[in-house]
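*Asks:*
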Amino acid sequence: MDIYPSKNIRTESPELLFEAVFRHATMGILITNQRGNIIMANQFALNEFGYEARELIGKSVEHLIPQRFHNQHVNDRKVYHHHAETRAMGAGRDLFGLRKDGSEFPVEISLSPFKTGSEQLVIAFIIDITIRREKEQTEKEYERVLISLAKEKELNDMKSRFVTMASHEFKTPLSTILSSASLLSKYTMTEDQPKRGKHIERIKSAVLNLNSILNEFLSFGRIEHGKIEINPTVFNLENLIGEVCAELEDIKKSNQEIDYSHKGEPLVHLDRELFKNIIINLLTNAFKFSPENGLIEITTIHHSGEVILKIKDHGTGISKEDQRHLFELFFRGNNVSNIPGTGLGLTIVNRYVELMKGKISFKSEPGEGTEFILTFKQ
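Residue numbering for the sequence shown follows our numbering, beginning at 1 and increasing consecutively.
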């Protein structure tokens with residue numbers, strides 16, 4: 001080890017400078033020989049580990065390392081002596097020192113080789129990083145708390161938005177049911193039968209609307225709690241589309257028409273229930289945002305292990321600004337605020353597509369309509 005003193009300082013004995021640095025350093029310093037025995041330890045190191053000099057000098061350096069690291073350290077020490085260089089010890093690993101009383105503490109160690117005569121020695125600089133680790137742990141805990149609070153706030157915001165939206169969406173169908181039920185009690189004569197029929201239909205429509213809203217809430221709740229399992233089965237795609245169209249017949253507006261076409265083998269291997277719910281949500285939206293006499297086009301393609309679903313309407317369309325938020329929770333476009341809806345449907349569709357490892361995209365122009373394109377690998 002070479003010491004280069006300033007020319008302005010008298011240095012008849014460089015050893016005295018070394019001894020001063022060694023004795024007064026504010027970090028632990030150990031010097032070991034090739035056998036790993038401690039031949040020198042400064043006072044700072046002795047204080048760090050809780051030993052007197054006579055108790056430590058001559059002992060193996062492993063004496064200061066927790067037992068579980070002994071074998072690894074012996075191997076590392078041998079490798080180091082074959083390729084000795086100045087470097088940090090244990091890159092990428094947590095290092096610990098062992099005090100006389102058996103307690104452990106985290107350390108940072110730098111190694112530097114030097115020779116005295118023919119013997120190669122190693123000087124180790126040891127820093128107790130307990131305070132730093134505690135600070136890091138405190139920062140991590142603080143970050144964890146912040147994330148937890150942010151999630152709690154997000155959840156509370158979601159609940160608030162849910163209550164606001166639910167009370168608004170439930171109000172209309174419930175008012176319809178209440179008013180129609182009240183009027184039904186007045187239509188008791190035979191000649192009032194057409195009026196009774198009209199209000200019965202209004203009640204049925206309101207109940208269907210309520211059922212749809214509740215199903216969306218339940219579906220979203222199951223997704224959020226991770227209760228959706230993927231169960232692929234083989235089913236006839238053409239038959240499923242026909243089944244959904246029949247189920248949604250009552251929610252179509254006057255003279256709305258569906259044009260359906262399929263290409264390829266009708267038998268597919270997907271989760272039938274999730275796929276059905278996706279179609280129901282997209283088709284319901286197509287009916288809702290299309291005018292009377294509107295055409296809704298459904299296309300399915302089964303080719304080369306892929307199933308493609310396209311649903312296109314010629315309704316209100318989606319503005320460029322709204323397109324960026326389309327799959328966000330409770331989002332509703334500015335141009336459809338007068339049309340009932342929860343803002344959950346497309347969020348649910350997007351989550352179902354993700355669960356089925358599919359892809360969803362769309363094309364839309366305001367006033368011209370929207371087309372959703374979904375692709376699934378089998």
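All C-beta atoms, glycine included, are put in the ideal place defined by N, C-alpha and C.
Predicted model, so just to flag it, every value in this text is computed and none were measured.
Compare the C-beta of H302 against all C-beta atoms of chain D and say whether one is closer than 7 Å.
*Replies:* Reference to chain D is not applicable here, since this structure consists of a single protein chain.
*Asks:* Terminal residues of the continuous alpha helix (DSSP H) containing V21?
*Replies:* It spans P14 to H24 - the alpha helix (DSSP H) in which V21 sits, taken as one unbroken run.
*Asks:* Within this structure, are the beta carbons of V403 and I38 separated by less than 7 Å?
*Replies:* Since the first residue shown for the chain is 1 and the last is 378, residue 403 is missing from the structure and cannot be characterised.
*Asks:* Quick one: using the 10 Å Cβ neighbour count with 16 as the cut-off for buried, is T316 buried or exposed?
*Replies:* Answer is buried; the Cβ neighbour count reaches 16.
*Asks:* Go ahead and label E368 buried or exposed: buried means 16 or more other beta carbons lie within 10 angstroms of its beta carbon, across all protein chains shown.
*Replies:* Exposed, since its Cβ has fewer than 16 Cβ neighbours within 10 Å.
*Asks:* Enumerate in chain order the residues of its own chain whose CB-to-CB distance from I373 is below 6 Å, with the five nearest sequence positions on each side excluded.
*Replies:* Excluding residues within five positions, the ones whose Cβ falls inside 6 Å are K310 and S361.
*Asks:* When DSSP builds the beta bridges, which residues end up paired with V268?
*Replies:* DSSP, once it has assigned bridges, lists F235 as partnering V268.
*Asks:* To the nearest whole angstrom, what separates the beta carbons of I296 and I258, a pair I think is in contact under 8 Å?
*Replies:* So it is a contact: roughly 5 Å between Cβ atoms.
*Asks:* Beta carbon of F275, beta carbon of I251: below 7 Å?
*Replies:* Not a contact, by the Cβ cut-off of 7 Å.
*Asks:* Starting from the Cα of F44, find the closest Cα among T32, M27 and R35 and give me that residue.
*Replies:* The shortest Cα separation from F44 among T32, M27 and R35 belongs to M27.
*Asks:* Could you tell me whether the stretch 196 to 207 touches the stretch 226 to 234, where touching means 3 or more Cβ pairs closer than 8 Å?
*Replies:* The stretch 196 to 207, when compared against the stretch 226 to 234, does not touch it at the 8 Å Cβ threshold.
*Asks:* Decide if the stretch 124 to 134 is in contact with the stretch 98 to 108; the criterion is three or more beta carbon pairs, one per stretch, under 8 Å apart.
*Replies:* Enough Cβ pairs lie closer than 8 Å, so yes.
*Asks:* Could you tell me the distance, in whole angstroms, from the CA atom of F382 to the CA atom of K151?
*Replies:* No statement about residue 382 is possible, as the shown extent of the chain runs from 1 to 378 and does not include it.
*Asks:* Taking all protein chains shown into account, decide if G305 is buried (16 or more other Cβ within 10 angstroms of its Cβ) or exposed.
*Replies:* Classification for G305: exposed.
*Asks:* When the Cα atoms are used, what is the spatial distance from L283 to Y352?
*Replies:* Those two C-alpha atoms are separated by around 15 Å.
*Asks:* Starting from the Cα of P291, find the closest Cα among I278, L270, Q256 and E139 and give me that residue.
*Replies:* It is Q256 whose Cα lies nearest to the Cα of P291.
*Asks:* Beta-carbon within less than 6 Å of I123's beta-carbon, same chain only, minus the 5 sequence neighbours each way: which residues are those?
*Replies:* Around I123: I31 and S112.
*Asks:* Report the start-end ranges of each alpha helix (DSSP H) in the stretch 45 to 120 that is 4 residues or longer and not cut off at the edges.
*Replies:* If we require 4 residues or more, the alpha helix (DSSP H) runs fully inside the stretch 45 to 120 come out as 53 to 56 and 70 to 82.
*Asks:* What are the start and end residues of each continuous beta strand (DSSP E) run of 3 or more residues lying completely inside the stretch 132 to 158, in chain order?
*Replies:* The qualifying runs do not exist here; there are none.
*Asks:* If distances are taken between C-alpha atoms only, which option among D76, L98 and S148 comes closest to M89?
*Replies:* Taking only the C-alpha atoms, the option nearest M89 is D76.
*Asks:* Nearest by alpha-carbon distance to R93: which of R202, G102 and Q72 is it?
*Replies:* Ranking the options by Cα distance to R93, first place goes to Q72.
*Asks:* What do you reckon, are the CB atoms on R272 and F235 nearer than 7 Å?
*Replies:* Their beta carbons are under 7 Å apart, which means R272 touches F235 by this criterion.
*Asks:* Please look up how many angstroms separate the CB atoms of K359 and T375, rounded, as I've assumed it's under 8 Å.
*Replies:* About 5 Å; that satisfies the 8 Å criterion.
*Asks:* Starting from G369, trace the beta strand (DSSP E) in both directions and tell me its first and last residue.
*Replies:* G369 to K377 is the span of the beta strand (DSSP E), which, as asked, contains G369.
*Asks:* I need the straight-line Cα distance from E52 to Q67, nearest angstrom please.
*Replies:* Distance between the alpha carbons of E52 and Q67 is about 21 Å.
*Asks:* So what does E257 bridge to, in DSSP terms?
*Replies:* L295.
*Asks:* Go ahead and label S182 buried or exposed: buried means 16 or more other beta carbons lie within 10 angstroms of its beta carbon, across all protein chains shown.
*Replies:* Per the 10 Å Cβ criterion, exposed.
*Asks:* Just curious, the beta strand (DSSP E) that T32 is in, first and last residue?
*Replies:* It spans G28 to T32 - the beta strand (DSSP E) in which T32 sits, taken as one unbroken run.
*Asks:* Looking only at its chain, what residues have a beta carbon closer than 8 Å to the beta carbon of I57, apart from the 5 residues adjacent to it on each side?
*Replies:* These residues qualify, in order along the chain: I38, I39, M40 and A41.
*Asks:* What span of residues does the beta strand (DSSP E) with K359 cover, start to end?
*Replies:* Counting along the chain, the beta strand (DSSP E) containing K359 begins and ends at K359 to E365.
*Asks:* Relative to the C-alpha of R324, which candidate in L149, L346, L64 and E15 has its C-alpha closest?
*Replies:* R324 has its Cα closest to that of L346, out of L149, L346, L64 and E15.
*Asks:* Please say whether K312 and E442 have beta carbons closer to each other than 7 Å?
*Replies:* This structure cannot settle anything about residue 442, because the visible part of the chain is limited to 1 through 378.
*Asks:* Taking 8 Å as the limit between beta carbons, can you name the residues of its chain near E104, skipping five residues before and five after?
*Replies:* So the qualifying residues of the chain are P66, F96, G97 and L98.
*Asks:* Could you tell me the distance, in whole angstroms, from the CA atom of R222 to the CA atom of V145?
*Replies:* Straight-line Cα distance between these residues: approximately 26 Å.
*Asks:* Relative to the C-alpha of H262, which residue among I298, I348, P366 and G102 is closest?
*Replies:* Nearest C-alpha to H262: I298.
*Asks:* Can you check which of these residues, E15, P14, I308 and F69, is closest to V268 by C-alpha distance?
*Replies:* Answer by Cα proximity: I308.
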